[in-house]
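Heads up: the structure comes next, in C-alpha cells.
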Ligand code: ASP
Ligand code: CP
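Residue numbers (this note's numbering): 186 to 511.
Here it is, written out as C-alpha cells:
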C-alpha cells in the first residue's frame, strides 16, 4: 500500500520579507529566479558578518533541523549542522542510516513523516534521483535537497556561485570550465543550470564517456548560452577565469574497470597551473581524490577551502529563509 501524501503548506502564510522562500522546499536550482539568488547572496554575506563578529545568534532558537543522510557526507552534513547551531537551532543527525530504522526496511515516506513530527525542516541526501522531491511530497515541513543521486545538489551550486561572486567580484562575462566527471557529478549539473541567469561562457572538459548529459546541454542551448566541449585540459586552462574541478564518481559506475580507466584523466598540479591566468580561481566541491595536487593548495588561486566555508554562510541564509527568519 502506498502511503498518502500530506498536503504541502507553510505553517503560516508565506510573505515577501524573505523573498517568498518561507516554507518552500529547495529541490532544484531551476526553482530560483535571479531575484532569489540576489537575496540569498545578500543574506549569506550578512551571515558571514554575523559569524565573524559574534560567532552565533539566536535567530533560529527553538527550531530543529532533521539531517537525513543516506549517503556519505562531510561538508554538506556538517555545514548544515554548523549553520543551524550558529543560528541557535538544534539538529537531529541521521548520518548512518544503518543505525536508523531505514535498515529495518522503513520507507522514505514513513521516515520523512516521522521526522516532520519532530523537526521544522528536513535536509536529505539520497542515492536516487528524485528522492528529495518524494520526501517533499510527503512532508509538510520544508525539505532541502542535499544531493539526490546523479540528479542535483542545489545548495552546493548556490555556494559555488556565491564563491565565484566573492572571489571574482562578478559572474557575468566569465569563462567557466567544469572539469572531470560531468556525467555523474551532480554539482556540475546544478551549476550549469544555475548559470542560466548569467552571461557566461561554459567549457565542459571531460573524457568522452563522462560528458555532460544531453538533456542538460539541451537546456543550456535552449537558453541561448554558449558552451564548448573538449577533453583537453591543457589547451583550456590558459583561457578560463574559473576552473571547477570534480571527482570521478566511483560509486556511480556499474563497471569499475571503466572507472579505473578514467579516474586519473585530469590532474591539476603546479605545472599545469603555470599556464593558467594570474587572476583565475580553482574550485572543487570536494572531496578530492587526486584531481588536484596538494601542492596547489598554497597557490592563492586555490579557492576550494574558501568555497567550503562559504557553504556554511549560504546554508545559514537558506535555513533562515525557509524558516521565515531572514
Ligand atoms: N560532495 C559532492 C557531492 O556530494 C561532490 C563529490 O562527492 O564528488 O556531490
Ligand atoms: N561538497 C559536498 O557535497 O561534500 P560532501 O559530500 O562531503 O557533503
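No residue lacks a Cβ here, since even glycine has one placed at the ideal position from N, Cα and C.
Quiz item: residue 477 and residue 453 look like a contact to me (Cβ under 8 Å); what is the Cβ gap, rounded to whole Å?
Solution: Cβ atoms of residue 477 and residue 453 come within 8 Å of each other, at about 5 Å.
Self-check item: Cβ distance (whole Å) where residue 507 is taken to contact residue 225 below 8 Å
Solution: Incorrect: roughly 11 Å between the Cβ atoms, too far for contact.
Quiz item: What residue does the alpha helix (DSSP H) around residue 417 start on, and which one ends it?
Solution: Unbroken run through residue 417: none, as it is neither H nor E.
Quiz item: Taking just the CA atoms, how far does residue 252 sit from residue 307?
Solution: In this structure, the alpha-carbon of residue 307 lies about 6 Å from that of residue 252.
Quiz prompt | residue 390 - DSSP class collapsed to helix/strand/coil | solution = Of the three classes helix, strand and coil, the one that applies to residue 390 here is strand, per DSSP.
Quiz item: Under the rule that 16 or more other beta-carbon atoms within 10 Å means buried, what is residue 340, buried or exposed?
Solution: The residue in question, residue 340, is buried, as its Cβ has 16 or more Cβ neighbours within 10 Å.
Self-check item: Host beta strand (DSSP E) of residue 275 (start-end)
Solution: From DSSP, the beta strand (DSSP E) with residue 275 extends over 275 to 279.
Quiz item: Taking 7 Å as the line, does the beta carbon of residue 344 fall inside it for any heavy atom of the ligand ASP?
Solution: Checking every heavy atom of the ligand ASP against the Cβ of residue 344, none is found closer than 7 Å.
Practice problem: Mind listing, in chain order, the continuous beta strand (DSSP E) runs of no fewer than 3 residues lying wholly within the region 422 to 500? | Solution: Listed in chain order, they are 427 to 430, 466 to 468.
Quiz item: Taking the C-alpha atoms as reference points, what is the distance between residue 495 and residue 438?
Solution: Using only the alpha carbons, I get a separation of about 30 Å.
Quiz item: Looking at C-alpha atoms only, which residue of 234, 360, 228 is the closest neighbour of residue 383?
Solution: Residue nearest to residue 383 within the set 234, 360, 228 is 360 (criterion: CA-CA distance).
Quiz prompt | Three-state secondary structure assigned by DSSP to residue 225 | solution = Helix.
Quiz item: Which term fits residue 472, buried or exposed, when burial requires 16 or more other beta carbons within 10 angstroms of its beta carbon?
Solution: Exposed, by the Cβ-count rule.
Exercise. Would you decide whether residue 431 is buried or exposed? Buried here means 16 or more other CB atoms lie within 10 Å of its CB.
Key: Per the 10 Å Cβ criterion, buried.
Quiz item: Looking at residue 434 and the ligand ASP, is the gap between the Cβ and the nearest heavy atom below 7 Å?
Solution: Annotation for residue 434 indicates a beta carbon within 7 Å of some heavy atom of the ligand ASP.
Quiz item: Buried or exposed: residue 388, going by 16 or more other Cβ atoms within 10 Å of its Cβ?
Solution: Residue 388 comes out buried.
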